[in-house]
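Reading the sequence shown from the start, the letters are residues 1 to 204 in full-length UniProt numbering.
First comes the structure, then the notes that go with it.
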Amino acid sequence: MTAAKRAPQPGAEDLTEHLRDRWSVSVFDADHEISETETRLLLEAARWAPSAGNSQPWSFLVLPRGSAGHETFVPHLSRGNSGWVPRASIVFVAVAQVGPGPDGKGPKWTGYSYYDLGQAAAHLTVQAASLGLSSHQFAGFDHDAVAAAFGVPDWWKVMTGIAVGRHGDPAQVDPRDAEREERERVRRPLAEVAYADKWGTPWA
Ligand SMILES: Cc1cc2nc3c(=O)[nH]c(=O)nc-3n(C[C@H](O)[C@H](O)[C@H](O)COP(=O)(O)O)c2cc1C
Numbered sequence: 001m002t003a004a005k006r007a008p009q010p011g012a013e014d015l016t017e018h019l020r021d022r023w024s025v026s027v028f029d030a031d032h033e034i035s036e037t038e039t040r041l042l043l044e045a046a047r048w049a050p051s052a053g054n055s056q057p058w059s060f061l062v063l064p065r066g067s068a069g070h071e072t073f074v075p076h077l078s079r080g081n082s083g084w085v086p087r088a089s090i091v092f093v094a095v096a097q098v099g100p101g102p103d104g105k106g107p108k109w110t111g112y113s114y115y116d117l118g119q120a121a122a123h124l125t126v127q128a129a130s131l132g133l134s135s136h137q138f139a140g141f142d143h144d145a146v147a148a149a150f151g152v153p154d155w156w157k158v159m160t161g162i163a164v165g166r167h168g169d170p171a172q173v174d175p176r177d178a179e180r181e182e183r184e185r186v187r188r189p190l191a192e193v194a195y196a197d198k199w200g201t202p203w204a
């Protein structure tokens with residue numbers, strides 16, 4: 001299965017290139033290394049995302065494969081994610097500020113922290129696509145253990161991992177991980193997503 005067969009899906013053909021071609025790969029090239037310049041660019045993409053009141057309630061653990069942080073993180077992956085995530089060139093752990101720190105300082109708009117962090121993560125993945133890199137976000141890991149291992153303060157909430165790297169050869173991985181890439185990519189129809197006049201009345 002090649003990336004070309006996974007995307008674009010029907011309806012996505014006319015999207016801008018990096019949205020059209022994005023999909024969550026589960027086979028990363030374990031020999032590929034991400035450069036510091038690319039890593040910085042991905043973080044800048046997240047950093048320049050909009051946020052409520054410009055509160056920027058996000059932080060990222062930056063864990064390139066082979067780093068001490070990566071070694072700390074990997075044992076906390078769920079079983080389903082433990083095969084494919086470690087092959088990615090880097091994992092970003094996305095963390096949202098959900099309350100003020102002990103000094104009372106913090107984002108005024110914490111009700112939108114998850115929204116803002118998600119948007120920053122989306123920007124990061126689009127930037128990854130523009131660098132020819134694949135990404136796959138994941139929630140399957142022990143969040144509490146990761147928060148403890150990295151000393152994340154209570155007023156921050158560990159949310160997701162974002163694995164980034166180069167798409168690899170499915171023949172080189174465990175068949176169970178290769179099969180993940182065969183999963184059908186489906187979406188709810190637009191009529192269920194976009195409403196007009198009244199809730200539930202499909203737009204167009
Ligand atoms: C918040 C979040 C959590 C996710 N958790 C996992 C996960 O733990 N393991 C996994 O394989 N994929 C995970 N995914 C990937 C989704 O399954 C995937 O994005 C979805 O099936 C749509 O496929 P696509 O990204 O290829 O369009 C997660 C995605 C998001 C945004």
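Yeah, the Cβ is synthetic: ideal placement off N, Cα and C, and Gly gets one too.
Ranked by how close their Cα comes to the Cα of residue 163, the residues 13, 122, 186, 21 have 122 in first place.
Taking the Cα positions, residue 193 is about 14 Å away from residue 186. Rounded to the nearest whole angstrom, the CA to CA distance from residue 131 to residue 155 is 33 Å. Residue 119 sits in a helix when the DSSP states are folded into three classes. Taking all protein chains shown into account, residue 171 has fewer than 16 neighbouring C-beta atoms within 10 Å of its C-beta and is therefore exposed. When C-beta atoms of the stretch 142–149 are compared with those of the stretch 30–43, fewer than three pairs fall below 8 Å, so the two segments do not count as touching.
In its chain, beyond the 5 residues on either side, 27, 28, 29 have a beta carbon closer than 6 Å to the beta carbon of residue 168.
In the three-state DSSP reduction, residue 168 falls in the coil class, being neither helix nor strand.
Between residue 91 and residue 161, the CB-CB gap stays under 7 Å. If only complete runs of 3 or more residues are kept, the UniProt domain "Nitroreductase" (79–166) shows the beta strand (DSSP E) at 90–97, 134–138, 156–165, in order along the chain. Residue 98 places its beta carbon less than 7 Å from that of residue 113. Unbroken beta strand (DSSP E) stretches of 3 residues or longer found wholly inside the UniProt domain "Nitroreductase" (19–77): 58–64, given in chain order. Here residue 136 is near residue 25, since their CB atoms are less than 7 Å apart.
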